[in-house]
Each structure stands twice: as C-alpha cells, then as structure tokens.
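What follows is a short report on a single structure.
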C-alpha cells in the first residue's frame, strides 16, 4: 500500500516535472523567437535596436564613434526669462515595442503608444551611412489619444535623440542664420527660448538639426515636418544630464493621417557644413531644390532681390520718396506697401510711386497680412469667415496680434490667390 502510494506520488511528481519542463521549454522558445535586441550593419554603420524601449545604438565603424539614444526624462516650457516650468515625462507617454523582426537591413516593429498601436520600420541604407525610421499605423483615420496641453508631456516623442559627448558636444540648429547650443547647458533659466516647443515648419528654416564637434556628427532630418514639433528635453546618461532636441509628433486633425519619416545621417568628417550640403543633395534628389539660376530663369524679377534694400514706410509711399532713393544711389530695393488685407489696391502706395519704382528697377511688395483676416474686417463683412482656416474643433480660432485688438483669423491658402488676383487687377485697371 505504501509502495503503491509512493509509486502514485512518483507518477504525479513525474507528470508535474514534465509539465513544467514543457512550460519552461515553451517560454524559452518564445524568448528565442522574440529577442531583446536586433542588430544590422553595412560598411559604415552597425545598428542595434533594443526591445521594448525602442532605443537605438549606432556605431560609426569608420571612426569608432558610438552614438546612443536615451529615453527623455523631463520636458520644459518657457514663457519669459527665468520662467521655465519643468515636468517629468510619464512612462505612459513613451513608446514600447511589443515585437520586432528583421529582414536583411530592415527592422519591422510593432509598438504601443498610450494604448494606440503603431508600426515602426528601421531601414539601414545599403551603401550610405544613414538610417531611416518610419512610423505609421494601420488605422490612420482613428482618433488619436492626444490631449490638449504640454506637447512634450502629452505627445509622442520618437525616435529619440542620439548623443555622444566626444563627437556631438554642440547642437547646430537652423534657426535664423543658424545657432550652436551646448548639450551640457542644462539650466532652463539660462535661455528660456530654447525650451519653447516650436512647430518645425514655422520656426526652423530647414527641417533638420545636428549634433557635432565640428567634424564628426549625426544629423536628424525630418522628412515629414508639417505635423511635428522641435522640443528640447533632458536625458540621463552615464556621464551626466544632457539636453537634446527631440522629434515630437503632432496629430493631423486628431489623426495620424500619413506615415511620419525621419532620416539620421552620420558624418565622419565635415560637421554642420557637410550636413547642410547633405540636405541640399537630398532636396535635389527629391526634385524640390531650385538653384538661384533656375529661379531667375523662371522669373527674371527674382534677380532684383540680390542686394536689395527692404524699404518699410509707415505712411503712404510717394513718387518723391522713390525718386529720392534712386538719387541716393540705391540700385536695388523692395518697396513694400504698409497696408494689406482687405485694403484698397493702391492704399499705402500711390500710382506715381508704382510707376517710379518700376522705372527704377525696384520690386514692389505687399504686406503679408493678405494671409490674415482681421477682426474689424469680419465685423464689416461676416462672409470673410468662409475664407478662414477651420481647425479640427470646427470652431474659428482667433489669434491676437499687436495691430488688431479684436484678433485675427488665418486665411485658408486656397483663398490667397483670389485675393492677390483681385487686388492686382484693381491696381491695373482704371477706375
């Protein structure tokens, strides 16, 4: 009886062990099928993708430099000197990769961001030191879990910024004529403007920036910049805290709408000059770049822009003023009429001034508030609301400006041409 009980215990124990052996084997197979990292390389670069964080490590094999990504820890926004608010980026706002596969020099990953599924593709060029990351979703029209508020905290930040203290101690950013920032400047009170989140297509003259020591570096080129923010965030590295610009994606009327694409270009020599030339070559390859010669060929008046004096006059531009400029030796000039919008065609510049400017070889400009609809105009003509840009909320958004206490609306680009054509005809046709 005891022997039988023992045999029965042995059988149960054996089955128990077999069960866990099979379970452990299944877990091992699952782990083997889904590695913690993927690696690919070409002659110049070795790329490692870490799961589930989505961090990338790129070794530039030409110079032995290792570029690493770190998950951004904090975001900030500044409104004035010394007034910068800092907030931790919640873990729920970070991308998590759930699965990834590799085919040759391409990684394909499934990801989750704030409960929304995304597909991310990492493509290493076969013969160039560059890596392209594309983020998309199978349901582009689905309403995203975007919430109004602080972009660096509530929006998707991915892919992350690369950092290497030895080769990327300065950030070259094409703002104005170009600025250099130090990655070691972590005090938000030193320059609050750096902490403002910027719409890429509104503030940067070109949709790229680079980390460099003047020779080596990595360039971040946003190929789809129109729903994207440039935001500077803190990262924690083994060498200490650093501040780096990050790509922060915006919604397109509350949806993803289209694939978002970023290309990282790695440089062994040349610094930000090489980066600017690489951007020019990329634009030429896309057919979007036109040289000065090509622009002049298409519109000979463009030639008058070179060296032109930009003349702003807050009163009416007269023939006498134009002739005085010519007599003073001003060979090239742009004379801008100071009033625009829904003003009369010749308001701000007399017909005689127009004739004198043409004879002098000057260009005549119109103030850019042709793109605005000011509040006082809407009060006089409510139909102007039909020409305004309507945001995703469906409600007109008034924007304050220094010239109109009632605010203004942005005019839909489709309405610009009609405005300019009508004003041009009015200026040319006799009353």
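Residue numbers (the numbering used here): 346 to 776. Just so you know, even glycine gets a beta-carbon here, dropped at the ideal spot from N, CA and C.
{"Item": "Secondary structure of residue 678, DSSP reduced to three states", "Value": "strand"}
{"Item": "Residue span of the beta strand (DSSP E) that contains residue 468, given as start and end", "Value": "461-469"}
{"Item": "Buried versus exposed, by CB contacts within 10 Å (16 or more), residue 504", "Value": "buried"}
{"Item": "Residues of its chain near residue 531, where Cβ-Cβ distance is below 8 Å and the 5 sequence neighbours each way are ignored", "Value": "579, 586, 587 and 588"}
{"Item": "As assigned by DSSP and simplified to three states, the class of residue 392", "Value": "strand"}
{"Item": "In DSSP terms, what residue 527 is bridged to", "Value": "515"}
{"Item": "Own chain residues within Cβ distance below 8 Å of residue 459, not counting five before or after", "Value": "437, 438, 490 and 501"}
{"Item": "contact_flag[the stretch 438-453, the stretch 399-417] where n(CB pairs < 8 Å) is 3 or more", "Value": "yes"}
{"Item": "Same chain, Cβ closer than 7 Å to residue 447, neighbours up to 5 away in sequence not counted", "Value": "383 and 385"}
{"Item": "DSSP bridge partner residues for residue 554 (one or two, in chain order)", "Value": "565"}
{"Item": "Rounded separation between residue 606 and residue 762 - CA only", "Value": "31 Å"}
{"Item": "Outcome for residue 702 when other beta-carbon atoms lying within 10 angstroms are tallied against a minimum of 16", "Value": "buried"}
{"Item": "Length at least 3, wholly inside the stretch 563-598: the beta strand (DSSP E) runs in chain order", "Value": "573-582 and 585-594"}
{"Item": "Per-residue DSSP class, three states only, for residue 723", "Value": "helix"}
{"Item": "Where residue 612 sits in the DSSP three-state scheme", "Value": "strand"}
{"Item": "Secondary structure of residue 718, DSSP reduced to three states", "Value": "strand"}
{"Item": "Buried versus exposed call for residue 368 [16 or more other C-beta atoms within 10 Å across all chains shown]", "Value": "Caution applies to residue 368, whose pLDDT of 48 falls short of 50 and renders its modelled position unreliable; the value that the coordinates give is listed next. Residue 368 is exposed by the Cβ-count criterion."}
{"Item": "Of the residues 672, 391, 494 and 774, the one placed nearest residue 471, counting alpha carbons only", "Value": "391"}
{"Item": "Continuous alpha helix (DSSP H) assignments of at least 4 residues falling wholly in the stretch 722-769", "Value": "none"}
{"Item": "Spatial neighbours of residue 733 in its chain, beta-carbon cut-off 7 Å, leaving aside the 5 residues before and after", "Value": "718, 741, 754, 755, 756 and 757"}
{"Item": "Distance between residue 723 and residue 705 (C-alpha atoms, nearest Å)", "Value": "38 Å"}
{"Item": "Rounded C-alpha distance that separates residue 633 from residue 408", "Value": "33 Å"}
{"Item": "Beta-carbon proximity list for residue 465, same chain, < 6 Å, skipping 5 on both sides", "Value": "454, 456 and 480"}
{"Item": "Cβ contact check for the stretch 599-616 and the stretch 566-580: 3 or more pairs under 8 Å", "Value": "yes"}
{"Item": "Reduced DSSP secondary structure (H/G/I, E/B, other) of residue 440", "Value": "coil"}
{"Item": "Backbone CA spacing between residue 726 and residue 699 [nearest angstrom]", "Value": "29 Å"}
{"Item": "Cβ-based neighbour list, residue 625, same chain, cut-off 7 Å, excluding 5 preceding and 5 following", "Value": "634"}
{"Item": "Continuous beta strand (DSSP E) stretch holding residue 633: start and end", "Value": "Here residue 633 belongs to no beta strand (DSSP E), and DSSP marks it neither H nor E."}
{"Item": "C-beta contact flag for residue 610 and residue 623 at 8 Å", "Value": "yes"}
{"Item": "Which listed residue (499, 498 and 399) has its alpha carbon closest to that of residue 467", "Value": "399"}
{"Item": "Where residue 520 falls: helix, strand or coil (DSSP)", "Value": "coil"}
{"Item": "Per-residue burial, residue 720 [other beta carbons within 10 Å of its own, 16 or more giving buried]", "Value": "buried"}
{"Item": "Straight-line Cα distance separating residue 519 from residue 550", "Value": "6 Å"}
{"Item": "8 Å Cβ cutoff met for residue 788 and residue 558", "Value": "Residue coverage of the chain in this structure runs from 346 to 776, which leaves residue 788 outside it and unanswerable."}
{"Item": "Neighbourhood of residue 412 by C-beta, 6 Å cutoff - its chain only, sequence neighbours within 5 removed", "Value": "403, 507, 509 and 563"}
{"Item": "Residue 618 - DSSP class collapsed to helix/strand/coil", "Value": "helix"}
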